[in-house]
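Protein chains in written order, with my numbering: chain H, 324 to 542; chain R, 324 to 542.
Number of protein chains: 2
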Amino acid sequence: MMTEVNSLQTHAKVYIGIVHQLREMISKDCLKPGDKIPSERELSERLNVGRSSVREALRALELLGLIETRRGEGTFLRDFRDHHLIDLLGMFILQDDMAQEDILQTKMMIEKEALKALYIDKRKTDSLHVSVSECENLDDVFREIVMMSSNYLSQRIWNILNDFETLICGEKKLTAAMREELITMLSGIDHQEKETVQETYRRVRKIVDEDATISNIFF
Amino acid sequence: MMTEVNSLQTHAKVYIGIVHQLREMISKDCLKPGDKIPSERELSERLNVGRSSVREALRALELLGLIETRRGEGTFLRDFRDHHLIDLLGMFILQDDMAQEDILQTKMMIEKEALKALYIDKRKTDSLHVSVSECENLDDVFREIVMMSSNYLSQRIWNILNDFETLICGEKKLTAAMREELITMLSGIDHQEKETVQETYRRVRKIVDEDATISNIFF
DNA sequence: AGAAAAAGGTGGTCTGACCACCTCTGAACT
DNA sequence: AGTTCAGAGGTGGTCAGACCACCTTTTTCT
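Below is the structure:
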């Protein structure tokens, strides 16, 4: 049976209201990351709601990475850039049925983009040369490359995907052949030879692919 | 007796453990969007935790848009693509220009990758020509392009980022100039002129950028 | 059989009670 | 005086129980 009266927004949930109140409070008092927000009991009193409702709002914001709670100390604003939006969605979206191929493709897309950014600052390839000779795993090298990009969001996405992939496939040891290709790739960057870089990158990833996944050959 | 929720890390918060348990429960029982999950009281009993802790976990997931609660009925799984967490994050991150730039960059990266995939199947450009002439917004065209790629993961990431960006910047109306560039771009794809495609893509995005900054001046 | 009333389940909220942990303070000690 | 440390008070973490409003299902009455 239809109850129009109740279908309207007369019964907004309390914790949602608290989230909005908190947002206003933050912008009104110009609170910055690291600042302390009122205690749960004080909020409960000031907003005329139960402490459990306050906690529901705070827990939600905490899961989003917007606040941080320290037992015995209080609740603090976090740097929004640390938001685990991606982590969370990853937890629920990147579930088991996600095609392994999609993950690799997306990872590679980010890596290629990060490689392009390297053309600008040659000094960075120096430390990469060191990494190539010292790192155990291929992804450690690419992690460094991706972390050199200025796109923090892409960095986070790459990390999630890499963790997930490592979980499924295990780690990819750096072979001598790979190191050689990587060095060629870095030289290509130094000399702005974009074709060479693309080609060597493809080759490195191909070596890994052949080493690891034989069953996926039809894709 | 050890509670399942706390078995891993003694210092982990209960509600975080519950979130993980729920995730496992979902994948183990193959729950799909729309399915009902156990009631708060049942979860509380099954996991040996208080009902308020269960609620903290559920409220957090609800704020993320991962579940939906209906009073008197129960709690249900939502389609993950409905994520209205965007509203929430936008409320808090709105002023973060850096994050905004990261989002655009990452979106563009996905779009460029999707464009490359188009070279393989020419028929797809036919429906894109229709979209270019019919769509109101630029992102509707690129949505179609991205959705044509076979990478479901990238598709989902793009959707999330686009929602987020739309919330912050508003929609980007398709101008005549843009349509012209897009048509050139599609022709480039048909004729395998990769340079042209890259160039026109850059140009389209540049137009948008200039439009946006202009409107920002007046606001 | 059909309609109305009651029962039972569910989320929504509040309260009060503990616990563990942190910080600060002030008294005791050197 | 300066140092140390035990205790008080504040804070988040958790639980149990009590209502309420709402929905569905069952029972009862006409």
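All C-beta atoms, glycine included, are put in the ideal place defined by N, C-alpha and C.
Item	Value
Cβ-based contacts, 7 Å cut-off: residues of the stretch 375-396 of chain R near chain H	375, 378, 379, 382, 383, 386, 387, 389
Beta-carbon proximity of residue 383 of chain H to residue 386 of chain R, cut-off 8 Å	yes
Sub-8 Å separation of residue 495 of chain H and residue 461 of chain H beta-carbons	yes
Residues of its chain near residue 377 of chain R, where Cβ-Cβ distance is below 7 Å and the 5 sequence neighbours each way are ignored	341, 363, 366, 367
The alpha helix (DSSP H) enclosing residue 341 of chain R, as first and last residue numbers	337-351
Alpha carbon of residue 467 of chain R to alpha carbon of residue 459 of chain R, nearest angstrom	13 Å
Interface partners of residue 429 of chain H on chain R, CB under 9 Å	433, 436, 474, 476, 477, 480
At least 3 beta-carbon pairs within less than 8 Å: the stretch 354-363 of chain H vs the stretch 396-403 of chain H	yes
Contained alpha helix (DSSP H) runs [length at least 4] in the stretch 420-498 of chain H, N- to C-terminal order	423-441, 446-457, 461-471, 475-492
Amino acids of chain R, ordered along the chain, whose beta-carbon sits closer than 7 Å to that of residue 338 of chain H	382
Residue-chain proximity (residue 341 of chain R, chain H), Cβ-Cβ < 8 Å	no
Proximity test, Cβ basis, 8 Å: residue 425 of chain R and chain H	yes
Under 8 Å between C-beta atoms of residue 480 of chain H and residue 433 of chain R	no
Sequence-distant residues of its chain with Cβ nearer than 7 Å to residue 484 of chain R (five each side left out)	426, 429, 430
Cutoff 8 Å; reference residue 527 of chain R; Cβ partners in own chain excluding five residues on either side	461, 501, 504, 505, 508
Start and end residues, alpha helix (DSSP H) containing residue 366 of chain R	363-369
Where residue 543 of chain R falls, given that 16 or more other Cβ within 10 Å makes a residue buried	Because chain R spans 324 through 542 in this model, residue 543 of chain R falls outside it and cannot be assessed.
Limits of the unbroken beta strand (DSSP E) element including residue 393 of chain H	390-393
Selected residue, minimal CA-CA separation from residue 372 of chain H, among H:389, H:338, H:351, H:477	H:338
Which listed residue (R:353, R:344, R:355) has its alpha carbon closest to that of residue 369 of chain R	R:344
Residues that residue 507 of chain R bridges to, as DSSP identifies them	DSSP lists no partner for residue 507 of chain R.
Which of helix, strand or coil DSSP assigns to residue 517 of chain R	helix
Terminal residues of the beta strand (DSSP E) in which residue 400 of chain H lies	397-400
Paired residues, beta bridge with residue 359 of chain H - DSSP	H:399
Residue 435 of chain H and residue 441 of chain H closer than 8 Å at C-beta	no
Simplified DSSP assignment, three categories, for residue 372 of chain H	coil
As assigned by DSSP and simplified to three states, the class of residue 387 of chain R	coil
Rounded C-alpha distance that separates residue 455 of chain H from residue 519 of chain H	18 Å
Per-residue burial, residue 511 of chain R [other beta carbons within 10 Å of its own, 16 or more giving buried]	buried
Residue closest to residue 493 of chain H, alpha-carbon to alpha-carbon, out of H:531, H:517, H:335, H:478	H:531
Residues near residue 379 of chain H by beta carbon distance below 6 Å, same chain, minus five either side	338
Expected contact under 8 Å - CB spacing of residue 469 of chain R and residue 477 of chain R to nearest Å	7 Å
Coil, strand or helix - residue 527 of chain R by DSSP	helix
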